[in-house]
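Notes follow the structure.
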Amino acid sequence: MKYPILGLLLAAAPALVHAAPLDTALACGQTPGQFFAMLRNQHLIDPEPMHVEPDSVNAFWPARDATLSAFDLNVFAIFAYEAGNPAFRAGKGTPHGKPVYGAVVVARMETVRKALQAAGSKAGVEHAAPFMTAIVCEGP
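To convert, count from 1 in the sequence shown and add 4; that's our numbering.
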């Protein structure tokens, strides 16, 4: 190879990217605070929200070097809210009624439903945008 350093960098590139499947976290067995803290502590998301909904649900981008997946689907964004948790910013409206967290994936709702059923996940699904679906875990 003419540029051996380029070959070395290309060989190391996969090790420089954080790949993280979120299947276990999206089984809906933890609090939004635990979900957020796990992702933040592993540097898998930007700790500052990219957007805060009026109902205080915070949305976060995956970290630049992170490749997040949920049930073999690519994650576009993460969201979470838990009343009283200082990790989440307040919106301008009435706060969401229940603790909530999840991921927005690039897939149609039916594809996501099938993946969740196959995995035995208790998560729900909601339409987020064309070809994007939210995998939703809501607390009691």
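Virtual Cβ for every residue (Gly too), placed ideally from N, Cα, C.
In the structure shown, the three-state DSSP call for F64 is strand. In the displayed model, M54 falls within coil according to three-state DSSP, outside both helix and strand. By the 16-neighbour rule on beta-carbons within 10 angstroms, A133 is exposed.
Per DSSP, the continuous beta strand (DSSP E) segment holding L72 begins and ends at A70 to A74.
In the DSSP assignment, E142 forms a beta bridge with V104. In this structure, E57 sits near G95, with a CB-CB distance shorter than 8 Å.
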